[in-house]
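Counting from 1, position 353 in the sequence shown corresponds to residue 353 in UniProt numbering; the numbering is continuous, with no gaps. Step one of this worksheet: look at the structure below.
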Amino acid sequence: MRTGAAVLLQADPAGTGEWPAGEARRLLDHGIHSLITVPLWFRGVTLGLATFWRTRHRAPFGEADLAIAGELAVRTAACVDNARRYAREHAMVTALQRTLLPGGLPDQDAVEVAAHYLPAPDGTGGSWFDVIPLPGARVALVVGKVAGQGLHAAATMGRLRTAVQNFSALDVPPDELLSHMDELVARLDLEHDADAHGTRITGASCLYAIHDSVSGHCTVARAGDPGLALTRPDGTVGIPAVPVSPPLGLGGGPFEAVALALPAASRLVLYTTGLLESHGRTTGTGLDLLRRTLAAEPGLDPDETCRSLFQAVLPSRPSDDVALLVARTRLLAPENVAEWDVPSDLAAVAPLRDACARTLREWGLADTVYTAELVISELITNALRYGTPPVHLRLLRGRGLICEVSDGSSTAPHMRRAATTDEGGRGLFLVAQFAQRWGTRYTPHGKVIWAETALDDS
């Protein structure tokens with residue numbers, strides 16, 4: 001075992017051979033008279049022990065047999081080591097993929113959502129999904145796919161999912177986000193050109209949608225071939241005409257977004273192409289089956305819809321992995337939205353602050369009045385002094401209280417720490433201290449500065 005060399009032993013009932021007489025006699029009782037043992041030794045590690053024996057009337061092993069046994073053991077040890085390494089890498093890939101996919105979906109006001117993921121037959125893949133809450137009672141829905149399988153695909157999927165989350169924090173429209181992703185993928189591939197393995201990301205696909213639960217509008221853009229189906233509350237099923245842009249990394253020009261008007265209880269079904277493509281079935285046939293399945297059971301909730309689609313559209317295990325995300329839209333009730341146009345006069349701040357206080361008391365949020373008044377005063381004052389008309393104020397009551405002030409300027413505000421002797425400059429600093437979170441998003445007509453305050457569960 002220490003040397004890794006094959007050993008030939010001959011049984012001699014008189015005990016004159018390599019074995020004691022008692023052991024030799026027991027082997028002979030079983031008909032064994034000649035034995036070769038050889039360790040399965042590879043890369044300095046003993047992986048097992050191979051044993052060959054001859055019985056009865058066959059001739060004993062010789063030196064030629066010993067050489068053959070040694071060669072067989074070397075080849076077997078290499079195969080066992082390869083299998084061991086593959087099993088270890090496969091376990092690493094599946095564990096990595098589980099950690100990179102969402103462990104749970106976040107609570108938010110815009111949609112009721114569920115997602116299912118089915119790995120490829122080898123347990124791996126590069127598809128992913130995500131649900132990202134956005135300010136203003138909105139949510140981003142994402143599905144995407146990286147070509148290939150294995151450790152590289154899983155790691156790349158994690159990088160792209162993280163990149164989408166980071167770009168989502170900028171609160172940009174879907175087409176602009178995909179443009180950022182396209183540039184990122186192209187840049188990453190330039191870095192990988194020096195990689196001896198030639199691993200590239202170009203060709204990754206992504207569908208990104210933002211649903212606004214106040215307006216009921218959903219804006220969608222996609223790169224590559226992820227699909228979107230829509231079931232309306234009356235049960236009609238359609239495939240929205242979302243322009244298909246080139247996959248990420250190809251630099252195929254600007255991405256195009258489409259806006260959908262969705263009533264409450266509409267079902268959005270986002271999926272990677274593995275859902276439709278199956279053994280011996282075209283994508284068109286899979287799409288027809290998807291439509292029929294959604295139309296047959298219009299009342300299912302998102303989780304039931306996922307299960308129904310997997311059972312009906314994927315009767316057998318697909319050759320590729322599948323990411324499926326189903327969202328049932330919600331609309332924020334009109335009584336949970338309050339809006340005011342802000343006159344271009346600082347004297348309007350006090351009356352608007354009082355109006356907001358009355359609204360909060362009507363909503364049963366008297367405990368938030370002090371904080372909300374301070375935040376609203378600072379945001380409106382900031383917009384009147386440094387923004388451009390028209391200025392608009394909006395309050396949203398959902399899981400949190402959201403205060404939004406919009407104006408026609410695209411200049412971003414900057415928070416600074418005022419010096420002790422400064423008479424002003426503390427507005428946004430106070431907003432950051434009193435609000436749970438705050439930020440800025442840009443619109444075609446200017447910008448929105450928002451601040452969100454947590455509400456008690458009660």
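Glycine included, each C-beta is placed from N, C-alpha and C at the ideal position. Quantities reported herein were computed from a predicted structural model and do not represent experimental measurements.
What number of angstroms, rounded off, separates the C-alpha of V337 from the C-alpha of R399?
If I take the Cα positions, the gap works out to 13 Å.
Only counting the same chain, and skipping five residues up and downstream in sequence, which positions put a Cβ closer than 6 Å to that of V146?
G126, A153, T156, M157, A204
Quick check on I376: does DSSP put it in helix, strand or coil?
helix
Can you tell me whether DSSP reads L40 as helix, strand or coil?
Of the three classes helix, strand and coil, the one that applies to L40 here is strand, per DSSP.
Can you tell me the Cα-Cα spacing of D189 and T219, whole angstroms?
So the two alpha carbons sit approximately 29 Å from each other.
Pop quiz: V80 and L49 are said to be a contact at Cβ under 8 Å. What is the actual Cβ separation, rounded to whole angstroms?
Rounded, the Cβ-Cβ distance is 12 Å, inconsistent with contact.
CB-CB under 6 Å to G227, same chain, minus the five flanking residues each way: which ones, in chain order?
Y271
Do you know offhand how far S409's Cα is from G238's?
Rounded to the nearest whole angstrom, the C-alpha separation of S409 and G238 is 38 Å.
Starting from the Cα of P60, find the closest Cα among L35, E71, A69, R222 and give me that residue.
L35
Pick out whichever of H217, A383, A115, D341 has its Cα sitting closest to the Cα of D301.
Between D301 and the set H217, A383, A115, D341, the nearest pair of CA atoms involves A115.
Find the nearest neighbour of G144 within the set T37, R161, G136, R397, judged by alpha-carbon distance.
Answer by Cα proximity: R161.
Relative to the C-alpha of N180, which residue among A6, P247, R330 is closest?
Position check: residue 180 holds His in this sequence, whereas Asn was assumed. Here the closest residue by C-alpha is P247.
For the putative contact between S213 and D109, defined by C-beta atoms under 8 Å, what is the C-beta separation to the nearest angstrom?
6 Å
Per the contact definition of three or more C-beta pairs closer than 8 Å, is the stretch 245 to 264 in contact with the stretch 306 to 316?
Two segments are said to touch when three or more pairs of C-beta atoms, one from each, lie closer than 8 Å; by this definition the stretch 306 to 316 does not touch the stretch 245 to 264.
Identify, in the order they occur along the chain, each residue of the same chain with its Cβ nearer than 8 Å to the Cβ of G446, setting aside the five sequence neighbours on each side.
G387, T388, S406, D407, G408, S409, S410
Just to confirm the assignment, what range does the alpha helix (DSSP H) spanning F255 have?
Per DSSP, F255 belongs to no alpha helix (DSSP H) and is neither H nor E.
When burial is assigned at 16 or more other CB atoms within 10 Å of the CB, is R330 buried or exposed?
buried
My guess is that V142 and V113 are in contact by the Cβ rule of under 8 Å, so how many angstroms apart are they, rounded?
So it is not a contact: roughly 11 Å between Cβ atoms.
Could you check which residue in R84, R75, W128 has the C-alpha nearest to that of L100?
W128
Closest to G286 by C-alpha separation, out of L294, G299, V313, would be which residue?
V313
Rounding to the nearest angstrom, what Cα-Cα distance links E277 and Q436 in this structure?
45 Å
Can you tell me which of the three DSSP states T421 falls into?
Residue confidence for T421 is low, a pLDDT of 45 falling below 50, so the modelled location carries little weight; the figure read from the coordinates is stated next. Reduced to three states, the DSSP call for T421 is coil.
Alpha carbon to alpha carbon, what distance is there between R281 and P390?
If I take the Cα positions, the gap works out to 55 Å.
Beta-carbon separation of A357 and V349 under 8 Å?
no
Residue ranges of each beta strand (DSSP E) run of no fewer than 3 residues wholly in the stretch 200 to 270, ordered along the chain?
205 to 212, 217 to 223, 227 to 231, 258 to 261
V448 and V375: beta carbons closer than 8 Å?
In this structure, V375 does not lie closer than 8 Å to V448 by Cβ.
Can you list, in chain order, the residues of its chain with a C-beta nearer than 6 Å to that of R56? Leave out the 5 residues immediately preceding and following it.
The answer, listed in chain order, is G31.
Taking only three categories from DSSP, how would you classify Q436?
coil
Candidates A91, A140, Y86: which alpha carbon is nearest D107's?
Nearest option by C-alpha distance: A140.
Spatial neighbours of G216 within its chain, please: C-beta separation below 8 Å, excluding the five flanking residues on both sides.
A261, L262, P263, A264, T329, L331
Out of A163, S168, E297, point me to the one whose CA is closest to D234's CA.
E297
I need the DSSP call for E277, collapsed to helix, strand or coil.
Assignment of E277 by DSSP, reduced to helix, strand and coil, places it in the coil class.
If T381 sits next to P413, beta carbons under 8 Å apart, how far is it from one beta carbon to the other, in whole angstroms?
In this structure T381 does not touch P413 by the C-beta definition: roughly 12 Å separates them, more than the 8 Å allowed.
In the DSSP assignment, the beta strand (DSSP E) including R58 goes from what residue to what residue?
Looking at the DSSP string, R58 is not in any beta strand (DSSP E), and its letter there is neither H nor E.
From the DSSP secondary-structure annotation, give me the bridge partner or partners of T51.
T37
Which complete alpha helix (DSSP H) runs does the stretch 161 to 198 hold, if anything under 4 residues is left out?
174 to 192
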